[in-house]
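**Student:**
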Amino acid sequence: AQTVTQSQPEMSVQEAETVTLSCTYDTSESDYYLFWYKQPPSRQMILVIRQEAYKQQNATENRFSVNFQKAAKSFSLKISDSQLGDAAMYFCAYKYGGATNKLIFGTGTLLAVQP
Amino acid sequence: GAGVSQSPSNKVTEKGKDVELRCDPISGHTALYWYRQRLGQGLEFLIYFQGNSAPDKSGLPSDRFSAERTGESVSTLTIQRTQQEDSAVYLCASSRHREDEQFFGPGTRLTVL
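So the protein lines, in turn, are chains A and B. Residues 52 to 166 (my numbering) are what the first sequence spells out, left to right. Residues 48 to 160 (my numbering) are what the second sequence spells out, left to right.
#1: Is there a Cβ from chain A that is less than 8 Å from the Cβ of Arg-128 of chain B?
#2: So, is the C-beta of Lys-153 of chain A closer than 8 Å to a C-beta in chain B?
#3: Taking Cβ-Cβ distances below 9 Å as the criterion, which residues of the stretch 104-138 of chain B are in contact with chain A?
#4: Can you list, in chain order, the stretches of the beta strand (DSSP E) that have 3 or more residues and sit fully within the stretch 54-100 of chain A?
#5: Since Glu-119 of chain B sits in a beta bridge, which residues does DSSP pair it with?
#6: In angstroms, rounded to a whole number, what distance separates the CA positions of Arg-114 of chain A and Gln-65 of chain A?
#7: Note down, in chain order, all residues in the stretch 68-83 of chain B with a beta-carbon under 8 Å from any beta-carbon belonging to chain A.
#8: Could you tell me which chain B residues have their CB closer than 7 Å to the CB of Thr-158 of chain A, listed as they occur along the chain?
#9: Skipping 5 residues on each side, what residues in its chain have a beta carbon closer than 6 Å to that of Glu-80 of chain A?
#10: Please list, in chain order, the residues of the stretch 85-99 of chain A that have any C-beta partner in chain B closer than 7 Å.
#11: Straight-line CA distance for Tyr-84 of chain A to Ala-135 of chain B?
#12: What does Pro-102 of chain B touch in chain A if you count any residue whose Cβ is under 9 Å from its own?
#13: Take Thr-54 of chain A and list the residues in its own chain whose beta-carbon comes closer than 6 Å to its own, dropping the five residues that flank it on each side.
#14: What are the partner residues of Ile-94 of chain B, as DSSP defines its beta bridges?
#15: Do Ala-150 of chain A and Asp-103 of chain B have their CB atoms nearer than 8 Å?
#16: When you compare each of A:Pro-60, A:Val-164, A:Val-70, A:Gln-57 to Ser-116 of chain A by their alpha carbons, which one comes out closest?
#17: What's the C-alpha gap between Phe-151 of chain B and Ala-122 of chain A?
#18: Where does Gly-50 of chain B land, buried or exposed, given buried means 16+ other C-beta within 10 angstroms?
#19: Any Cβ of chain B within less than 8 Å of the Cβ of Phe-142 of chain A?
#20: Between the stretch 115-125 of chain B and the stretch 60-74 of chain B, do three or more beta carbon pairs fall short of 8 Å?
#21: Residues in the same chain with beta-carbon distance under 7 Å from Ser-63 of chain A, minus the five sequence neighbours each way, listed in chain order, please.
#22: Going along chain A, which residues have a C-beta under 8 Å from Pro-143 of chain B?
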């Protein structure tokens with residue numbers, strides 16, 4: 052069974068600094084997708100970034116980038132120039148094509164941004 | 048256009064009562080998902096709809112949980128004889144097709160006293 056592990060329950064970063072959130076996953080599949088979602092106190096899940104497993108190039112979206120290490124099954128999120136609005140719970144998620152495309156989530160990392 | 052909406056936003060009920068949670072997906076989205084988020088946990092998959100059929104119900108935790116969907120429109124998640132362990136946020140997501148990005152609603156926070 053596929054699993055997603057986030058080993059950092061909480062992280063803190065100073066405004067304008069850089070922070071990296073860790074995620075590892077376990078799968079026997081070769082074709083899959085990985086995601087980072089942000090969940091602010093409003094509970095709304097917001098897609099931050101996605102990575103297709105077949106792509107070697109790491110995905111980047113403005114201040115957000117990932118370090119995808121397929122062999123190590125590692126998928127970390129780097130947030131550069133952290134802003135107060137980045138404070139939220141961050142979830143790593145895995146999706147295998149299959150018949151359902153359901154998302155499998157980690158337990159989340161609560162990110163605090165200090166002014 | 049409008050995003051995924053869910054109602055009610057919050058629901059408090061007594062143990063043993065039945066509850067219905069509603070999800071209105073984005074118009075034109077054929078795939079619909081229900082997830083459960085317990086306090087301090089990640090989201091757990093409950094059920095997937097393609098149109099009005101549910102090819103994957105593998106995440107439903109017990110036969111007290113059921114869901115239905117009308118065409119490619121609204122879905123209702125029903126929990127019968129609620130228990131305290133059912134307390135959680137229930138999130139709905141929809142996507143245009145099952146392989147596309149899932150867009151989430153704001154969730155319903157269910158509290159069972």
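No residue lacks a Cβ here, since even glycine has one placed at the ideal position from N, Cα and C.
**Tutor:** On the basis of the supplied data:
#1: Not an interface residue.
#2: Yes - at least one Cβ of chain B is within 8 Å of the one on Lys-153 of chain A.
#3: Legend: CB atoms of the stretch 104-138 of chain B lying less than 9 Å from CB atoms of chain A belong to residues Ser-105, Gly-106, Val-136, Leu-138.
#4: If only uninterrupted beta strand (DSSP E) runs of at least 3 residues are considered, those enclosed by the stretch 54-100 of chain A are 54-56, 61-65, 70-72, 75-77, 83-90.
#5: In the DSSP secondary-structure assignment, Glu-119 of chain B is not bridged to any residue.
#6: Here the C-alpha atom of Arg-114 of chain A lies approximately 15 Å from the C-alpha atom of Gln-65 of chain A.
#7: From the stretch 68-83 of chain B, only Ala-78, Tyr-80, Tyr-82 have a Cβ closer than 8 Å to chain A.
#8: Residues of chain B passing the Cβ test: Gln-88, Gly-89.
#9: Contacts found: Tyr-147.
#10: Correct list: Ser-93, Arg-94, Gln-95, Met-96, Leu-98.
#11: C-alpha separation (whole angstroms): 27 Å.
#12: Neighbours of Pro-102 of chain B on chain A, chain order: Ala-150, Thr-151.
#13: Only Asp-77 meet the Cβ criterion.
#14: B:Trp-81.
#15: It is a contact, given that the beta carbons lie within the stated cut-off.
#16: Closest by alpha carbon: A:Val-70.
#17: Looking at the two C-alpha atoms, the distance is approximately 31 Å.
#18: It counts as exposed.
#19: So, interface residue.
#20: Segments in contact, yes.
#21: Cβ within range, chain order: Ala-163, Gln-165.
#22: In the sequence under discussion, the amino acid at residue 143 of chain B is Arg, which differs from the Pro named in the question. Simply none; closest approach about 12 Å.
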